[in-house]
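Asks:
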Amino acid sequence: MHCVRKVTDDLYWVGANDRRLALFENIHPIPEGVSYNAYLLMDEETVLFDTVDWSVCRQFLENVDYVLGGRPLDYLVINHLEPDHAACIEEVLIRHPETIVISNEKAFMFMRQFGFDIDDRMDEVAEGDTRSFGKHTIAFVYAPMVHWPEAMVSFDVTNGVLFSADAFGSFGSLDGKLFNDEVNFDRDWIAHARRYLTNIVGKYGPHIQHLLKKAGTIDIKMFCPLHGPVWRTDLGYFIEKYDKWSRYEPEDKGVLIIYASMYGNTEAAASALASRLVEKGVTNVTMYDVSNTHVSYLIAETFRMSHVVLASVTYNLGIYPLIHNYLMDMKALDLQKRTFAIMENGSWAPTAGDLIYEFLDKELKEITILEDRVTLNSSFSELNEPEMESLANALVDSLKAE
Ligand code: FEO
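Sequential numbering of the sequence shown, starting at 12, is according to this note's numbering.
(1) What are the boundary residues of the beta strand (DSSP E) that includes residue 121?
(2) Taking 8 Å as the threshold, find out whether the segment 205-225 comes into contact with the segment 150-169 through three or more Cβ pairs.
(3) What residues in its chain sit with their C-beta under 6 Å from that of residue 262, if we drop five residues either side in the sequence?
(4) Tell me which residues share the same chain as residue 342 and place their Cβ nearer than 7 Å to its Cβ, disregarding the 5 neighbours each side in the sequence.
(5) Which value, in whole angstroms, describes the spacing of the CA atoms of residue 184 and residue 78?
(6) Taking 7 Å as the limit between beta carbons, can you name the residues of its chain near residue 337, skipping five residues before and five after?
(7) Let me check you understand the geometry: is the CB of residue 93 closer than 7 Å to at least one non-hydrogen atom of the ligand FEO?
(8) Of the choices 356, 59, 291, 44, whose alpha-carbon is the least far from that of residue 428?
(9) Entirely within the segment 253-278 and at least 4 residues each: give me those alpha helix (DSSP H) ranges in chain order.
(10) Three Cβ pairs or more, each shorter than 8 Å: is that satisfied between the segment 88-102 and the segment 197-216?
(11) Less than 8 Å between the C-beta atoms of residue 323 and residue 355, yes or no?
(12) Quick one: what's got a C-beta closer than 6 Å to residue 345's C-beta in the same chain, skipping five residues either side?
(13) Measuring CA to CA, which of 359, 131, 179, 317 is closest to residue 234?
(14) Does any heavy atom of the ligand FEO sit closer than 7 Å to the C-beta of residue 8?
(15) Within the continuous alpha helix (DSSP H) that includes residue 409, where are the two ends?
(16) When DSSP labels each residue in this structure, what does residue 236 get in the three-state scheme?
(17) Confirm, please, whether the CB-CB distance from residue 267 to residue 318 is below 8 Å.
(18) What residues are listed by DSSP as bridge partners for residue 297?
(19) For residue 252, which residues from the same chain have a beta carbon less than 6 Å from its beta carbon, with the 5 sequence-adjacent residues on both sides left out?
(20) Would residue 360 and residue 321 qualify as a contact pair, given that the criterion is a beta-carbon distance under 8 Å?
(21) Excluding the 5 residues flanking residue 401 on each side, which residues of the same chain have their C-beta closer than 6 Å to its C-beta?
(22) Measuring only from the beta carbon, is residue 158 closer than 7 Å to any heavy atom that is part of the ligand FEO?
(23) What residue does the alpha helix (DSSP H) around residue 369 start on, and which one ends it?
(24) Considering residue 382, what are the terminal residues of the beta strand (DSSP E) in which it resides?
(25) Given a cut-off of 8 Å, decide if residue 395 and residue 407 are closer than it, judged by their beta-carbon atoms.
(26) Is the Cβ-Cβ distance between residue 85 and residue 57 less than 8 Å?
(27) Alpha carbon to alpha carbon, what distance is there between residue 52 and residue 135?
(28) Could you give the C-beta distance for residue 232 and residue 170, rounded to a whole number, given that I count them as a contact under 8 Å?
(29) Specify the secondary structure class of residue 136 as computed by DSSP and reduced to three states.
(30) Excluding the five sequence neighbours on either side, which residues of its own chain have a C-beta within less than 7 Å of the C-beta of residue 49, listed in chain order?
(31) Going by DSSP, what residues sit across from residue 242 in a beta bridge?
(32) Relative to the C-alpha of residue 15, which residue among 273, 398, 367, 189 is closest?
(33) Judging by CA-CA distance, which residue of 201, 281, 286, 229 is the nearest neighbour of residue 249?
(34) What's the C-alpha gap between residue 276 and residue 389?
(35) With a threshold of 7 Å, establish whether the CB of residue 419 neighbours any heavy atom of the ligand FEO.
(36) CA-CA distance, residue 372 and residue 357?
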């Protein structure tokens, strides 16, 4: 049975939701699902924008058939070839032998690499090319590395709809609601959007900036992304978030405490620091146990917050492995412009602090590492009081100074 939504007079959402998939890209948990959005334009000629993941192909095909209502599918525009959007290309082409695929040179190369037989059905477009389908003229704009090198966006110059590929997307399935003004985005969706963007495309901040600059030159009325809600109001809200995330600027002044604790002693010290900060007036404090929190959530929170305290036990004379994994992810995503503080624990040879300092100093750009540090020998004791107090004060001063 079909499940579609009308987007504009002659544009339909024909995507589908996946609420069964545990791990997006087989790595990021998505307990609230994900939507794969595709759009069908019913002009004098019919144009399908992207396909969906194989897991929801059947629903998508039913949606496409329903909206086509027996008309041929003239064109399939492929903005992004990652299989969560491109897996059903062949299925569409088998069912619609009349369809011509519109995409760019690199995307066609990837299609061949993925084994798609499209050689006699290609219409290759380059940056700035346009195609008219009746009332609607679509311009194609490259968006390399947002999120793969072949990615492009398609802009309907007739009505200002931007098919924005992965850009302006979010994790989370759509429960009937499609548009940003049908949900409370700032309450219910922003964490999904942040975790999606920072983990999936976070590494490519300069490329997002480049796309935002291009977007600033055209009159966009609507974002139709490949995941999450369609934006038709308050576009500036989301553009501002994207601008911050892609410049690696924190959204919030506050302290994020990520701790690794084997028997609760490091956690107790981290909690003591959190309480002390709040008593000193810093109420925007958030704590996460690295062992109980998937790193994608930690990354999203790290993009949100200005200050990060890393509290780690020493393990095999090194950094606790899950803290090390988090550090490696920060490096991989090119996280920058944060202030870090360190707390370490070791019953006989605490080394984690120096090793974390060395990693941060060597691998992350434009950061500050506070020199005040708490070193625990097994547990937080009276002996640690002075350094705990000075670390709390250093964090407060640093927050005030920014
Ligand atoms: Fe949603 Fe890069 O694919």
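Ideal Cβ positions, reconstructed from N, Cα and C, are used throughout, including at glycine.
Replies: Taking the coordinates as given:
(1) No beta strand (DSSP E) holds residue 121; the alpha helix (DSSP H) holding it covers 116-124.
(2) yes
(3) 255, 315
(4) 374, 375
(5) 21 Å
(6) 269, 301, 306, 309
(7) yes
(8) Any question about residue 428 goes unanswered here, given that the chain covers just 12 to 413.
(9) none
(10) no
(11) yes
(12) 214
(13) 179
(14) Here the chain comprises residues numbered 12 to 413, so residue 8 is not present and cannot be evaluated.
(15) 396-412
(16) strand
(17) yes
(18) 267
(19) none
(20) no
(21) 383
(22) yes
(23) 363-374
(24) 379-387
(25) no
(26) yes
(27) 19 Å
(28) 7 Å
(29) coil
(30) 25, 26, 59, 60, 61, 62, 63, 71
(31) 234
(32) 189
(33) 201
(34) 7 Å
(35) As displayed, the chain neither begins before 12 nor continues past 413, which places residue 419 out of reach and without an answer.
(36) 22 Å
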